[in-house]
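S.K.: Handing you this structure, nothing more for now.
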Amino acid sequence: MTGFDPCVGEDGWMAASIYDDLFGVARSAPDRPCLLLDDHEWTYGRLDRRAGQFVGALAQRGLTVGDRLVVQVDKSADAVALYLACLRTGVVHVPLNTAYTPTEVAFFATDAGAGLFVGRPGHRPPADVPADTLGGSDGGTLAYLADRQTDLPPVVERSGDDWAAMLYTSGTTGRSKGAMLSCSNLVANARALHDAWRFEPDDVLLHVLPIFHVHGLFVALHCAFLAGASVRFHERFDVESVRRDLRRSTVMMGVPTHYVRLLADPTFSADDAASMRLFTSGSAPLSAADHEAFTARTGHRIVERYGMTETMILTSNPYDGDRVQGTVGYPLAGVELRVTSEAGSPAAPGEVGTVEIRGDGVFLGYWQLPEKTADSYRDDGWFVTGDLGLLDASGRLTLVGRGSDLIISGGLNIYPKEIEAVLDAVDGVVETAVVGVPDPDFGEAVVAVVVATSGSDLDEHTLRSTCDEHLARFKHPKRYVVVDALPRNAMGKVQKAMLREQLRP
Ligand code: AMP
Numbered sequence: 223m224t225g226f227d228p229c230v231g232e233d234g235w236m237a238a239s240i241y242d243d244l245f246g247v248a249r250s251a252p253d254r255p256c257l258l259l260d261d262h263e264w265t266y267g268r269l270d271r272r273a274g275q276f277v278g279a280l281a282q283r284g285l286t287v288g289d290r291l292v293v294q295v296d297k298s299a300d301a302v303a304l305y306l307a308c309l310r311t312g313v314v315h316v317p318l319n320t321a322y323t324p325t326e327v328a329f330f331a332t333d334a335g336a337g338l339f340v341g342r343p344g345h346r347p348p349a350d351v352p353a354d355t356l357g358g359s360d361g362g363t364l365a366y367l368a369d370r371q372t373d374l375p376p377v378v379e380r381s382g383d384d385w386a387a388m389l390y391t392s393g394t395t396g397r398s399k400g401a402m403l404s405c406s407n408l409v410a411n412a413r414a415l416h417d418a419w420r421f422e423p424d425d426v427l428l429h430v431l432p433i434f435h436v437h438g439l440f441v442a443l444h445c446a447f448l449a450g451a452s453v454r455f456h457e458r459f460d461v462e463s464v465r466r467d468l469r470r471s472t473v474m475m476g477v478p479t480h481y482v483r484l485l486a487d488p489t490f491s492a493d494d495a496a497s498m499r500l501f502t503s504g505s506a507p508l509s510a511a512d513h514e515a516f517t518a519r520t521g522h523r524i525v526e527r528y529g530m531t532e533t534m535i536l537t538s539n540p541y542d543g544d545r546v547q548g549t550v551g552y553p554l555a556g557v558e559l560r561v562t563s564e565a566g567s568p569a570a571p572g573e574v575g576t577v578e579i580r581g582d583g584v585f586l587g588y589w590q591l592p593e594k595t596a597d598s599y600r601d602d603g604w605f606v607t608g609d610l611g612l613l614d615a616s617g618r619l620t621l622v623g624r625g626s627d628l629i630i631s632g633g634l635n636i637y638p639k640e641i642e643a644v645l646d647a648v649d650g651v652v653e654t655a656v657v658g659v660p661d662p663d664f665g666e667a668v669v670a671v672v673v674a675t676s677g678s679d680l681d682e683h684t685l686r687s688t689c690d691e692h693l694a695r696f697k698h699p700k701r702y703v704v705v706d707a708l709p710r711n712a713m714g715k716v717q718k719a720m721l722r723e724q725l726r727p
């Protein structure tokens, strides 16, 4: 398509509203195709109108600027419209992983002080929180209410520091924290990525990520929206349909597991990727072997990037120039990055230290946890990511591990403490240690090491069914190993690094 001028705000970051900043194409080119689904397509104008209808529905449910809308919904055009409605009206969007159990959902909805919870058809609504269903066959759903809105309210003005969204990160102590992101966090990062990855109106983004996480909701959608590009929207990652649609796309954003799955199909080849100009990977480390194998198979070098919920995307391998496997590239525009040695001084090139950052994407703080927020900054105002890394002489970052024991499996973060707490409560369990071990498909797999009381008849079935009851499936251990005692250091701390080594397949 030619003659189209994408609306990426030449005159500074913020228009009067984040909605117009990110979704201004809906005004300048409403007929452009936006979401491409299997059997139908949504133009920018149609999605804009649907967002306006959801604004009316939210208002009817009593939500106003600053109220929290907690959603646990499947990936759909209406789910995107509902997110856009929040940006349009100043309601804070709080998306939840669709795998969370009702117990987990109840915690988040209550913690967020949800003005409304919106779930899937048949969901169990959290007690004491007003709840709705997004869609479904019966009347009375939020979508049904939206269908009946004819007067579309105007876009609400917002400033950069205003609160736009909250995403829960799993807490290392088992207590999840709500990371509050501002309007300018979202806009600044979208703009930096749009420019770094050279988004164009003609791009077609193959969208295979969930939309309850920064990667799929903000990174992918915002880049496309800023450019006025189209988004081929897949509900889930399925190799066959991804292969079909790669041939009709130009960009794909994935997690390493996606690339591993494509490579596992022996017939996946350069022909599948012939129309593509960019593959990106992030959320978890992409192995050098997979990076190389993908290049050998397709001729494309994946652009690996690094970020976190609290900071948005921080670094990326260059669009032009060397995309070096095993590295996450250079800081994006608007990001300052330093690596600090254990002594607190700047690490020398090649020296491992803590990755610390400052910049436009750094969040407003953890919801109702001012001390946790304060603890995550150095005295001089730099945010401590918790990741360990090193810079080379040119300023290129390589991540070498995590300061915490975070496990990333299939691109999703899992904190061992939360699983340990569930297993420790099982009758016959003395203690447990949960670690991640390398896994060719998921990146890392969860393994639970369990010490049982002597003489107990503890079996794996009991442990598994306890996890079924309390934890989302992606957090369940893939393996249980019963031992007599956990390895501990002189200070009494469990030596997880040693366990990881012993359990390595
Ligand atoms: P999340 O907040 O869910 O986005 O998870 C953030 C964490 O994911 C970071 O602190 C890193 O530990 C990890 N991460 C993100 N991108 C990468 C990457 N490209 N390589 C290695 N780890 C990554």
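Residue numbers (my numbering): 223 to 727.
Don't be surprised by glycine CBs; every beta carbon is placed ideally from N, CA and C.
#1: What would DSSP say about K426, mapped onto helix, strand or coil?
#2: Quick check: does the Cβ of L505 come within less than 6 angstroms of any heavy atom belonging to the ligand AMP?
#3: Alpha carbon to alpha carbon, how far is Y599 from E745? Give it in angstroms, no decimals.
#4: Inspect the beta-carbon positions of T688 and V648 and report whether they are closer than 7 angstroms.
#5: G665 and P432 look like a contact to me (Cβ under 8 angstroms); what is the Cβ gap, rounded to whole Å?
#6: Give a single yes or no on whether N635 has its beta carbon closer than 6 angstroms to a heavy atom of the ligand AMP.
#7: Of the choices R519, T363, R254 and F440, whose alpha-carbon is the least far from that of S452?
#8: DSSP three-state call for E263: helix, strand or coil?
#9: Within the present structure, is the beta-carbon of L559 separated from the nearest heavy atom of the ligand AMP by less than 6 angstroms?
#10: Please classify K399: is it buried, with 16 or more other beta-carbons within 10 angstroms of its beta-carbon, or exposed?
#11: Which runs of the alpha helix (DSSP H) at least 4 residues long sit entirely within the stretch 619-650? Give them in chain order.
#12: With H, G and I counted as helix, E and B as strand and the rest as coil, what does DSSP make of D706?
#13: Given the structure, does V550 come close to the ligand AMP, in the sense that its CB is under 6 angstroms from one of the ligand's heavy atoms?
#14: Which value, in whole angstroms, describes the spacing of the CA atoms of L619 and A279?
#15: Out of N411, E723, G361 and D296, state which residue places its alpha-carbon closest to the alpha-carbon of L244.
#16: With C-beta atoms as the reference, is L586 less than 7 angstroms away from S404?
#17: Please look up how many angstroms separate the CB atoms of V461 and L484, rounded, as I've assumed it's under 8 angstroms.
#18: Can you name the start and end residues of the beta strand (DSSP E) that F501 belongs to?
#19: T489 to G450, Cα distance in whole Å?
#20: Can you tell me which of the three DSSP states T520 falls into?
#21: For Y241 and V377, what's the separation of their Cα atoms in angstroms?
#22: What would DSSP say about K399, mapped onto helix, strand or coil?
#23: What are the residues that DSSP puts in a beta bridge with F455?
#24: Between which two residues does the alpha helix (DSSP H) harbouring S687 extend?
#25: Check this for me: beta carbons of V704 and A674, under 7 angstroms apart or not?
#26: Since L610 contacts G625 with CB under 8 angstroms, what's their CB separation in whole angstroms?
#27: Closest to D796 by CA distance: which of H522, G274, G617 and A510 is it?
#28: In whole angstroms, what is the alpha-carbon distance linking A299 and A273?
#29: Provide the residue span of the alpha helix (DSSP H) that contains V557, from first to last.
#30: For A368, which residues from the same chain have a beta carbon less than 6 angstroms from its beta carbon, with the 5 sequence-adjacent residues on both sides left out?
#31: With hydrogens ignored, establish whether the beta-carbon of R624 is closer than 6 angstroms to any heavy atom of the ligand AMP.
#32: Check whether the Cβ atoms of K297 and E457 sit closer than 7 angstroms, and answer yes or no.
#33: Which ranges does the beta strand (DSSP E) cover as unbroken runs of at least 3 residues, wholly within the stretch 334-395, from first to last along the chain?
#34: Could you check what DSSP says for T607 in three-state terms: helix, strand or coil?
#35: Please identify the residue among F455, A446 and H435 whose C-alpha is closest to the C-alpha of V477.
#36: Is R290 closer than 7 angstroms to A328 when the C-beta atoms are compared?
M.R.: So, from the data block:
#1: According to the sequence provided, residue 426 is Val. The question's Lys does not apply to it. Assigned with DSSP and collapsed to three states, V426 falls in strand.
#2: Note that residue 505 corresponds to Ser in the displayed sequence, not to Leu. Answer for S505: yes, Cβ within range of the ligand AMP.
#3: Here the chain comprises residues numbered 223 to 727, so residue 745 is not present and cannot be evaluated.
#4: V648 is positioned such that its CB atom lies closer than 7 angstroms to that of T688.
#5: So it is not a contact: roughly 16 angstroms between Cβ atoms.
#6: Yes; taking the cut-off as 6 angstroms, the Cβ of N635 has a heavy atom of the ligand AMP nearer than that.
#7: Nearest of R519, T363, R254 and F440 to S452, Cα basis: R254.
#8: Strand.
#9: No; taking the cut-off as 6 angstroms, the Cβ of L559 has no heavy atom of the ligand AMP nearer than that.
#10: Of the residues assessed, K399 falls on the buried side of the cut-off, its CB having 16 or more other CB atoms within 10 angstroms.
#11: As far as the stretch 619-650 is concerned, its whole alpha helix (DSSP H) runs of at least 4 residues are 638-646.
#12: Note: D706 maps to coil in three-state DSSP.
#13: True, at least one ligand heavy atom lies under 6 angstroms from that Cβ.
#14: For the pair L619 and A279, the Cα-to-Cα distance works out to about 46 angstroms.
#15: Each of N411, E723, G361 and D296 was checked against the Cα of L244, and the nearest Cα belongs to N411.
#16: A contact, by the Cβ cut-off of 7 angstroms.
#17: That belief holds up - the Cβ atoms of V461 and L484 are roughly 6 angstroms apart, short of 8 angstroms.
#18: Unbroken beta strand (DSSP E) run through F501: L500 to S503.
#19: Going from the Cα of T489 to the Cα of G450 covers about 33 angstroms.
#20: In the structure shown, T520 falls within a helical segment according to DSSP collapsed to helix, strand and coil.
#21: Distance between the alpha carbons of Y241 and V377 is about 7 angstroms.
#22: Reduced to three states, the DSSP call for K399 is strand.
#23: Checking the DSSP bridge columns, you'll see F455 partnered with H429.
#24: Counting along the chain, S687 sits inside the alpha helix (DSSP H) bounded by residues E682 to H692.
#25: In terms of Cβ geometry, V704 and A674 form a close pair [threshold 7 angstroms].
#26: About 6 angstroms separates the two Cβ atoms, so the contact holds.
#27: Past the boundaries of the shown model lies residue 796; the chain is included only from 223 to 727, so the question cannot be answered.
#28: Those two C-alpha atoms are separated by around 10 angstroms.
#29: The continuous stretches of alpha helix (DSSP H) do not include V557, which lies in the beta strand (DSSP E) extending over residues V557 to T562.
#30: Cβ within range, chain order: Q275, F276 and A279.
#31: At least one heavy atom of the ligand AMP is found less than 6 angstroms from the C-beta of R624.
#32: Yes, they are a contact pair.
#33: Complete beta strand (DSSP E) runs here, min 3: 338-341, 353-355 and 385-391.
#34: For T607, the secondary structure class from DSSP, reduced to helix, strand or coil, is strand.
#35: For V477, the nearest C-alpha among the options comes from H435.
#36: The answer is no: Cβ separation not under 7 angstroms.
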